[in-house]
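Here is the structure we will look at, set down as structure tokens.
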Amino acid sequence: MGHGDEIILADVHFPSDSLNDTVIRADGITIQDLLMGILPLFEIDNYVDDSIVMMDAVSGDTLDPAIEEAFLIPIKKYAPKAPPIVRVERFAFYKRAKNAFAIVSTGELAKYSNI
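Mapping the sequence shown onto the UniProt record's numbering, position 53 (from 1) lands on 53, and the numbers just tick up by one.
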């Protein structure tokens, strides 16, 4: 991975294998735990407004705010200058996932927890 590369941390519902050829399995590990392990090693790009992106809920569905709040704990701890999380439409998120360096397929069960 280098400057400008993105990595997706995907929940168990995400179509990882059909979107990207590079899928890393992290079965049984939550996204919050992965963020705690990854963020001390990787800097978040503070030079773009959308360096932290999450999938938005589809029309008629709702988000659980506790998911984003849980992700903000490691983000604020290890990347206090990171820009706010940006929510993007589902298919726009899929497009980013197709172009990502890799997708980490996690054991995260929470809906709309892809980041």
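Just so it is clear, CB atoms sit at the ideal spot from N, CA and C, and this is done for glycine as well.
Bear in mind that the values here come from a model prediction, so they are computed numbers and not experimental data.
Beta carbon of residue 54, beta carbon of residue 87: below 8 Å?
Taking a C-beta distance under 8 Å as the contact criterion, residue 54 and residue 87 qualify as a contact pair.
Between the Cα of residue 84 and those of 94, 49 and 93, spot the shortest distance and give me the residue it belongs to.
For the options 94, 49 and 93, the alpha carbon positioned closest to that of residue 84 is the one of 49.
For residue 1 and residue 51, I'd like the C-alpha separation in whole angstroms.
Between residue 1 and residue 51, the C-alpha separation is close to 15 Å.
Which stretch, first to last residue, makes up the beta strand (DSSP E) that contains residue 105?
Looking at the DSSP string, the run of the beta strand (DSSP E) that includes residue 105 is 102–106.
Assuming residue 31 and residue 105 make a contact with CB atoms under 8 Å, what is their CB distance in whole Å?
In this structure, residue 31 and residue 105 do not form a Cβ contact; the two beta carbons are roughly 11 Å apart against a cut-off of 8 Å.
Simplified DSSP state of residue 19, which is helix, strand or coil
Correct three-state label for residue 19: helix.
The beta strand (DSSP E) enclosing residue 9, as first and last residue numbers
That run of the beta strand (DSSP E) goes 7–10.
For the region 11–23 against the region 34–43, do three or more pairs of beta-carbon atoms, one drawn from each stretch, fall closer than 8 Å, so that the two count as touching?
The region 11–23 and the region 34–43 do not touch, with fewer than 3 CB-CB distances between them shorter than 8 Å.
Going by beta-carbon coordinates alone, are residue 6 and residue 100 separated by less than 8 Å?
The beta carbons of residue 6 and residue 100 sit closer together than 8 Å.
With 16 as the cutoff for other CB atoms within 10 Å, does residue 80 come out buried or exposed?
So residue 80 ends up on the exposed side.
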